[in-house]
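Student: The sequence shown maps to residues 18 to 195 in this note's numbering. Cβ coordinates follow ideal geometry from the N, Cα and C atoms, glycine included.
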Amino acid sequence: MEDFCQEILLTEEQIKKRIAEVAVDINRDYKGKKPLVIGVLTGAVVYCSDLIRVLDFPLELAFLKASSYGSDSVSSGKVVINSIGCDVKDKDVLIAEDIIDTGYTLKSLTEILYKEGAKSVKCAALLDKPERREVDVAADYCCFSIPDAFVIGYGLDYDGEYRSLPYVGILNPAYIKK
Ligand code: 5GP
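And the structure:
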């Protein structure tokens, strides 16, 4: 294991297997529908790409950028969502989110999508850190609950690095920039 990774939490195989399991529920719930899947950039790109390929209904795909301003590893609670860039009116929207931490991003995004006229909004999250929650939101579909630690890999970065790792690991605190 590389020095920047303190512990591998989820291997590539575990992630793949769990996404396929969660997709069974998603496929059941969206049968006969054509939802708009919205991947949250940049962290959810890898997860979203793997998720959509095990969904068996027709779908539309879009991405948007959500930024939470704060230091590199701590959320501030202030979320800025770039314009959605596609019409969500009367659509069933499924948000593909990499990780739910404080919950501010998911809460803001859900509110905006309903305000823009979405018919339904649900979230399929790869990771959830329930201990860190500050607002009352929950993913409708969640692959893994993880402890309160800063994780990298499988799309998740620290200061722009580590996104291409095939696994999810805990960042070695010695690598956190002062
Ligand atoms: P929330 O708004 O729920 O606090 O934060 C959601 C966003 O914070 C995620 O989409 C992700 O970008 C970032 N985030 C939260 N926890 C982690 C983590 O452990 N590692 C990384 N790389 N990003 C995280």
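Are lysine 139 and isoleucine 101 closer than 9 Å when you measure CB to CB?
Tutor: In this structure, isoleucine 101 does not lie closer than 9 Å to lysine 139 by Cβ.
Student: For tyrosine 201 versus proline 183, is the C-beta distance shorter than 9 Å?
Tutor: Residue 201 is absent from the model: the chain starts at 18 and stops at 195.
Student: In chain order, what residues of the same chain lie with their CB nearer than 8 Å to the CB of lysine 33, ignoring the 5 residues before and after it?
Tutor: The answer, listed in chain order, is Asp67.
Student: Exposed or buried, which one is valine 120 when buried takes at least 16 other CB atoms within 10 Å?
Tutor: Per the sequence presented here, residue 120 reads as glycine, with valine not at that position. Burial call: buried.
Student: What do you reckon, are the CB atoms on tyrosine 64 and aspartate 115 nearer than 9 Å?
Tutor: Going by C-beta atoms, tyrosine 64 is nearer than 9 Å to aspartate 115.
Student: At what residues does the alpha helix (DSSP H) containing lysine 132 begin and finish?
Tutor: Its alpha helix (DSSP H) spans residues 121-132.
Student: Classify isoleucine 101 as helix, strand or coil using the three-state DSSP reduction.
Tutor: If DSSP states are grouped into helix, strand and coil, isoleucine 101 belongs with coil.
Student: Closest to alanine 135 by CA distance: which of Asp118, Tyr192, Ile169, Cys103 is it?
Tutor: Nearest option by C-alpha distance: Cys103.
Student: Identify the residues that DSSP records as bridge partners of isoleucine 203: which are they?
Tutor: With the chain covering 18 to 195 only, the question about residue 203 has no answer from this structure.
Student: In the DSSP output, what is lysine 82 paired with across the bridge?
Tutor: Beta-bridge pairing links lysine 82 to Leu58.
Student: Write down the C-beta distance between phenylalanine 21 and leucine 173 rounded to the nearest angstrom, noting that I regard them as a contact closer than 8 Å.
Tutor: Their Cβ separation, rounded to whole angstroms, is 13 Å, which puts phenylalanine 21 and leucine 173 out of contact at 8 Å.
Student: By the 10 Å Cβ neighbour count, where 16 or more other Cβ atoms means buried, how is proline 52 classified, buried or exposed?
Tutor: Proline 52 comes out buried.
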